[in-house]
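Enquirer: Below you will find the structure I want to go over with you.
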Amino acid sequence: MASAAQVTVVAKTLADPTRRAVFERIAREGEVAATSLVRGSKVSQPAVSQHLRALREAGLVTERRDGRHIHYRVAPKGLAPLIDWLGHHQTFWRERFENLEKLLKETE
Amino acid sequence: MRETRAITVEKVLPYTAEKIWHTLTSSELIAKWLMPNDFVAAVGHRFNFRTRPMGDWDGVVHCEVLACEPSRLLRYSWKGGSDSSTSPAPRLDTSVTWTLTPAAGGTHLKMVHDGFVLPENQSAYDAMSPGWGRVADRIGDLTAQG
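Chains as they are written, first to last, in the working numbering: chain H, 455 to 562; chain A, 75 to 220.
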């Protein structure tokens, strides 16, 4: 189950435009070596590394080591918390329940 | 195998079951706390909730009253969403159950929204699918909510 916290982590991780661009590029290319990500971008190597770490920690990408190279690909279920309707509905019902309580109070 | 999940929200409210029941079953009041609707508290009655369209979903929730025991139990089906594998609002075939139980200090109100199928279609997660744009749009909403 995607908790509200997981949804928030994924959403916040992808809220950074540069990081999202890195993620989109990995998604587009299937599998990309970190070195090639740095080459094809205006972002510095440490910055790319940091974004890759954040993406990995959010469960959005997986890494594969091949000698000196690390290759990245999109984690198949990484976006699940966002697409997972459950998280959305949990928030939805919590809010509606609060509305219900307010309305009951108003009509006392 | 289809694995389903439920959402539960519950609380003891300092009101009588009758008063809460009225709020749960009056179309006019439901519109105030939930969504615009044409609800009638009668088993077999079909009705809709209307919300903001999302992606290729028109925002209409199709419902039918499945159980109705005044001041005790209310259950309706809750169907909506889109069949598109990339939709941010995937197809839902679920039900919502409200139970009211007398409790110290008022009434224990419990809502269970059951029947969520966990997405398994890998293509739905292909970030570069046409759905990605819509998913990205939702990120802002979700961040705002979080």
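Where is the CB? At the ideal position from N, CA and C, for every residue including glycine.
Taking a Cβ distance cut-off of 7 Å, strictly less, list which residues of the stretch 96 to 122 of chain A are near chain H, in chain order.
Expert: Cβ contacts with chain H come from Thr97, Leu103, Lys106, Trp107 and Leu108.
Enquirer: Roughly how many whole angstroms lie between the Cα atoms of Phe113/A and Ile94/A?
Expert: C-alpha separation (whole angstroms): 16 Å.
Enquirer: Mind checking who His543/H pairs with in its DSSP beta bridge?
Expert: According to DSSP, His543/H bridges with nothing at all.
Enquirer: How many angstroms separate the CA atom of Gln544/H from the CA atom of Thr97/A?
Expert: Looking at the two C-alpha atoms, the distance is approximately 21 Å.
Enquirer: Which value, in whole angstroms, describes the spacing of the CA atoms of Thr125/A and Leu174/A?
Expert: Between Thr125/A and Leu174/A, the C-alpha separation is close to 26 Å.
Enquirer: Could you confirm whether any beta carbon from chain A is found closer than 8 Å to the beta carbon of Glu511/H?
Expert: Glu511/H does not count as touching chain A.
Enquirer: Only counting the same chain, and skipping five residues up and downstream in sequence, which positions put a Cβ closer than 6 Å to that of Arg120/A?
Expert: Counting only Cβ-Cβ distances below 6 Å, and skipping sequence neighbours, we find Glu138.
Enquirer: Please name the residue or residues paired with Gln113/A in a DSSP beta bridge.
Expert: The sequence given here has Phe at residue 113/A, not Gln. Bridge partners of Phe113/A: none, in fact.
Enquirer: By the criterion of Cβ-Cβ separation under 8 Å, what are the contact partners of Glu485/H in chain A?
Expert: The contacting residues do not exist; Glu485/H stays about 13 Å from chain A at best.
Enquirer: Are the C-beta of Val139/A and some C-beta of chain H separated by less than 8 Å?
Expert: So no, Val139/A is outside the interface.
Enquirer: Would you say Tyr89/A reaches chain B, if we count a Cβ-Cβ gap shorter than 8 Å as a contact?
Expert: Structure shown: chain B not included; protein chains present are H and A.
Enquirer: Could you tell me the distance, in whole angstroms, from the CA atom of Arg123/A to the CA atom of Ser156/A?
Expert: The question names Arg, but residue 123/A is Phe in the sequence shown. Phe123/A and Ser156/A: Cα-Cα distance of roughly 16 Å.
Enquirer: In angstroms, rounded to a whole number, what distance separates the CA positions of Ile480/H and Thr472/H?
Expert: Distance between the alpha carbons of Ile480/H and Thr472/H is about 13 Å.
Enquirer: Take Ala80/A and list the residues in its own chain whose beta-carbon comes closer than 6 Å to its own, dropping the five residues that flank it on each side.
Expert: Val186 and Asp188.
Enquirer: Tell me, please, whether the CB atom of Leu557/H is closer than 8 Å to any CB atom in chain A?
Expert: Yes, Leu557/H counts as interfacial toward chain A.
Enquirer: Any idea if His542/H is buried or exposed, counting beta-carbon neighbours within 10 angstroms, 16 or more meaning buried?
Expert: Classification of His542/H: buried, given that the 10 Å Cβ count is 16 or more.
Enquirer: Going by Cα to Cα distance, which pick from Thr181/A, Thr171/A and Arg165/A is closest to Ser151/A?
Expert: Among Thr181/A, Thr171/A and Arg165/A, the Cα nearest to that of Ser151/A belongs to Thr171/A.
Enquirer: Mind listing the chain A neighbours of Leu491/H? Cutoff is C-beta to C-beta under 7 Å, in chain order.
Expert: Near Leu491/H there are no residues of chain A at all, since even the closest Cβ is about 15 Å away, more than 7 Å.
Enquirer: For Gln619/H, return the contacting residues in chain A, with the cut-off set at a CB-CB distance below 7 Å.
Expert: Nothing about residue 619/H can be reported from this structure: the residues present for chain H run from 455 to 562 only.
Enquirer: Return the chain-ordered list of same chain residues with a C-beta closer than 6 Å to the C-beta of Pro110/A, the five sequence neighbours on each side being excluded.
Expert: Result list for Pro110/A: Arg124, in chain order.
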